[in-house]
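Counting from 1 along the sequence shown, just add 5 to a position and that's the residue number in this note's numbering.
Just so you know, even glycine gets a beta-carbon here, dropped at the ideal spot from N, CA and C.
The next block holds one structure in the form of structure tokens; read it before the comments.
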Amino acid sequence: MMRSYLDFEKPVAELEAKIGELRALGDSGDAVAIHDEIAHLETKARKALNDLYAALTPWQKTLVARHPQRPHFMDYLDGLITDFTPLAGDRKFGEDEAILGGLGRFRGEAVCIIGQEKGSSTETRIRHNFGMARPEGYRKAVRLMELAGRFNLPVITFVDTAGAYPGIGAEERGQAEAIARSTDACLLLPTPNVSIVIGEGGSGGAIALATANRVLMLEHAIYSVISPEGAASILWRDPTRAQDAATAMKITAQDLLRLHIIDAIVPEPTGGAHRDPETAIRTAGDAIAASLQELSGLSEEAIKRDRADKFLDIGRKL
């Protein structure tokens, strides 16, 4: 797949384009000189990429979190879970493919997995509604969490959504109530749950799956009560001030760790998870495994108390 570059990555794109041109020359001309020039340009491109990603602004992180080639839930599912059995439907209205889930094994241990899937092509984005769940998606998540509690299975949730779907039908079917029920199910779960924000964590649509014992975020993911564009429209009546809103809202993993909203930041490969999905997925798996190990051995009462205390403490440590 041809690499897609963000606007601020233009210097890197130009260097990598030159490298591609030189490689296309193959053995023509002075092969030694071409090889040396490629090595020089690769070093230069690596440094440019390192420098760029070491100083990303909140808005630039927002663009990285939305990158079309960033790995989505299905990629993590394929890379981390074996013996996966998908479970569909909320048993009340229908199936919502914006939220997927089921049972499987994570590094040999039986778990329940739930995640928001945005899709990676026009067809799949439409099928998954761009990761914006309707009420039946959240009710399916509740059903799966109740199943996990019944069979004493840890729950792993993957968050990647711009927010819950705001359509008329969704509101008529009780979107707010469904989000609240899902959040409540997270809090009442008798088994450990770990949530990881892999891209966008948008508003109640995200927290409905992220009210967990441990909340992790990828290094360049974002987590906010509203999109920067939405906040700019409300605060300044000017959606073009999204960059200002992104900074003001403290939406980055680094800001949220300082504010004790999340528990850990999962490092991404230089240039973002989309540049090396396999490494990003493996690193995320290591972080999830460490969190589950930390929670293993706790009693049901201790698990619930740990989770409740975590969210009650938000704002007290500022």
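Notebook entry, point to check: Are ILE293 and ILE227 close, meaning C-beta to C-beta below 9 Å?
Noted result: no
>> Out of ALA215, LEU46, GLY179 and GLU283, which one is the CA nearest neighbour of LYS315?
In response: ALA215
ask   = With distances taken between CB atoms, is the gap from THR24 to LEU46 smaller than 9 Å?
value = At residue 24 the sequence reads Ile, which differs from the Thr that was named. Yes, the pair counts as a contact, with Cβ atoms nearer than the cut-off.
Let me know the secondary structure DSSP gives VAL17 once reduced to three states.
helix
CB ALA236 to CB ALA247, shorter than 9 Å?
-> yes
If we require 4 or more residues per run, which alpha helix (DSSP H) segments fall completely within the stretch 96-133? 127-132
- Reducing DSSP to helix, strand and coil, say where MET79 ends up. helix
*Tell me, which residues are paired with ILE270 by DSSP?*
MET222
message = I need the straight-line Cα distance from ILE270 to ILE231, nearest angstrom please.
response = 21 Å
- Query: Which one of THR87, GLY302 and VAL160 has the shortest CA to CA distance from LEU192?
  - Reply: VAL160
Open item on the list: Using only CA atoms, which one of VAL69, PRO16, LYS123 and ALA115 lies nearest to GLY154?
Closed with: ALA115
In whole angstroms, give me the CA-to-CA distance for SER9 and LYS66.
16 Å
- Give me the Cβ distance between ILE267 and LEU221, rounded to the nearest whole Å; I'm assuming they're in contact under 8 Å. The beta-carbon distance between ILE267 and LEU221, rounded to whole angstroms, is 7 Å. This is short enough to meet the 8 Å contact definition.
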